[in-house]
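Participant: To convert, note that position 65 of the first sequence is 65 in the UniProt record's numbering; the numbers rise steadily by one, no gaps.
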Amino acid sequence: MGRSPCCEKAHTNKGAWTKEEDDRLTAYIRAHGEGCWRSLPKAAGLLRCGKSCRLRWINYLRPDLKRGNFTEEEDELIIKLHNLLGNKWSLIAGRLPGRTDNEIKNYWNTHIRRKLLNRGIDPATHRPINEAAQDASTISFAASAVKEEEKSGYGEKDIKRSVQERCPDLNLELTISPPYQNQNEPLKKTGVVSLCFACSSGLQNGKDCSCRISSIGSSSSTGSSAPGYDFLGMKSAVLDYRSLETK
DNA sequence: AATATACCCAACCGCACCCAG
DNA sequence: ACTGGGTGCGGTTGGGTATAT
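#1: Mark Lys80 as exposed unless 16 or more other C-beta atoms lie within 10 angstroms of its C-beta, in which case mark it buried.
#2: Take the Cβ of Arg63 as the centre, count every other Cβ of all protein chains shown within 10 Å, and call the residue buried at 16 or more, exposed below.
#3: Please report the Cβ distance between Glu21 and Leu46, rounded to the nearest whole angstrom; I am assuming they are in contact, meaning their Cβ atoms lie under 8 Å.
#4: Taking Arg113 as the reference, give the member of Trp37, Thr100, Ile129 and Arg99 with the closest Cα.
#5: Can you tell me which residues form a DSSP beta bridge with Arg127?
#6: I'd like the ranges of any alpha helix (DSSP H) spanning at least 4 consecutive residues and lying wholly in the UniProt domain "Myb-like" (62 to 112).
#7: Express the C-alpha separation of Asn87 and Asp101 in angstroms, rounding to a whole number.
#8: Tell me where the alpha helix (DSSP H) around Ala31 begins and ends.
#9: Roughly how many angstroms lie between the CA atoms of Ile58 and Arg99, to the nearest whole one?
#10: In the DSSP assignment, find the unbroken alpha helix (DSSP H) run with Leu46 in it and report its ends.
#11: Can you give me the C-alpha to C-alpha distance between Ala31 and Cys53, rounded to a whole angstrom?
#12: Excluding the 5 residues flanking Ile92 on each side, which residues of the same chain have their C-beta closer than 8 Å to its C-beta?
#13: Note down, in chain order, each residue of its chain lying with its Cβ closer than 6 Å to the Cβ of Ser225, except the 5 sequence neighbours on either side.
#14: Buried or exposed for Asp23, going by 16 or more other Cβ atoms inside 10 Å?
#15: Looking only at its own chain, which residues have a Cβ that is under 6 Å from the Cβ of Tyr28, when we skip the five neighbours before and after it?
#16: From this set, Asn118, Tyr107 and Cys36, which residue's C-alpha is nearest Asp75's C-alpha?
#17: Where Leu117 and Asn69 are concerned, what is the direct C-alpha to C-alpha distance, given to the nearest angstrom?
#18: I need the DSSP call for Arg56, collapsed to helix, strand or coil.
#19: Since Leu40 and Gly50 are thought to touch, with beta carbons under 8 Å apart, how far apart are those beta carbons, to the nearest angstrom?
#20: Go ahead and pull the three-state DSSP assignment for Ile213.
#21: According to DSSP, is Lys115 helix, strand or coil?
#22: Relative to the C-alpha of Arg95, which candidate in His111, Ile121 and Glu73 has its C-alpha closest?
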């Protein structure tokens with residue numbers, strides 16, 4: 001059977017958009033708003049697939065887009081979010097106003113990957129490359145949940161549902177486990193260790209480390225005795241995902 | 001100056017999810 | 001419960017541009 005194609009490919013333009021097409025699309029969306037992408041091309045007089053129109057608008061024509069280079073702060077935020085979320089570019093983009101998932105994905109693949117590799121960090125696991133190779137254990141909640149479910153023999157849908165059940169609407173109240181804890185390194189006597197991103201990525205006391213002072217004597221805002229980790233500037237063992245809503 | 005190579009990014013493709021019927 | 005249309009997402013590709021040889 002198969003699904004019907006999203007558009008009549010024989011009569012649609014492909015490739016780069018012309019100025020005229022951009023103008024038509026922009027004018028139409030300004031007049032009628034977003035949505036109904038399937039019927040939009042015809043209504044707007046465009047020989048384009050609806051998906052293509054949506055992509056062009058979202059990634060290029062939207063007036064609230066922030067063009068230009070990523071700042072150092074954006075870089076670090078992307079790295080932190082990727083460490084937590086993995087390749088969930090749309091979720092990451094949701095935390096970077098004016099940036100699109102496609103833009104962030106491209107930026108990750110062309111700049112940040114290399115940046116992390118230069119730091120000796122595996123961009124996939126956010127752990128030092130040599131150790132990431134030795135131990136492929138997971139670093140994110142979702143990934144570890146998937147791994148657990150895989151062991152138990154559930155299918156992909158079950159896995160996703162399970163993650164979703166644990167994280168309804170991604171309003172997750174997660175306890176973030178440290179991405180890596182060197183077994184040979186004893187915990188600080190207080191038993192409460194607040195790790196900055198550099199440390200949690202395996203660069204303890206590196207030049208990017210910002211927790212050398214805060215790691216002593218700080219405690220989790222939850223008041224629990226569990227170790228707290230400084231993530232996204234929140235010295236807490238719990239990350240509230242309600243602030244990570246999707247677009 | 002010409003050619004090769006690397007890099008960047010817009011756009012495409014296929015799949016999965018959501019939801020109305 | 002099932003089906004199919006609409007939409008969103010992530011991976012990949014291809015063409016343009018910059019840099020190296």
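Cβ atoms here follow ideal geometry from the backbone N, Cα and C, with glycine treated the same way.
Facilitator: Reading off the structure:
#1: If you draw a 10 Å sphere on the C-beta of Lys80, you find 16 or more other C-beta atoms in it, and that means buried.
#2: One detail in the question is off: residue 63 reads as Pro in this sequence, not Arg. Looking at its Cβ environment, which holds fewer than 16 other Cβ atoms inside 10 Å, Pro63 is exposed.
#3: Right, their Cβ atoms sit about 6 Å apart.
#4: Ranking Trp37, Thr100, Ile129 and Arg99 by Cα distance to Arg113 puts Ile129 first.
#5: According to DSSP, Arg127 bridges with Asp122.
#6: The qualifying runs are 72 to 85, 89 to 94 and 101 to 107.
#7: About 10 Å.
#8: Residues Lys19 to His32.
#9: Spanning the two alpha carbons is a distance of roughly 10 Å.
#10: Here Leu46 belongs to no alpha helix (DSSP H), and DSSP marks it neither H nor E.
#11: Distance between the alpha carbons of Ala31 and Cys53: 15 Å.
#12: So the list reads Ile78, Leu81, His82, Leu85, Asp101 and Ile104, once near-sequence residues are dropped.
#13: Any reading at Ser225 must be qualified, since the residue scores a pLDDT of 34, below 50, and its modelled position is unreliable; no value is offered.
#14: Asp23 comes out exposed.
#15: Closer than 6 Å at the Cβ level, and outside the excluded window around Tyr28, lie Ala44.
#16: Asp75 has its Cα closest to that of Tyr107, out of Asn118, Tyr107 and Cys36.
#17: A straight-line Cα-Cα distance of about 20 Å links Leu117 and Asn69.
#18: Helix at Arg56.
#19: Their Cβ separation, rounded to whole angstroms, is 6 Å, which keeps Leu40 and Gly50 in contact under 8 Å.
#20: Because the pLDDT at Ile213 is just 31, under 50, the model does not fix this residue reliably, and the point stays unresolved.
#21: Three-state result, Lys115: helix.
#22: Check the Cα spacing between Arg95 and each of His111, Ile121 and Glu73: the tightest is with Glu73.
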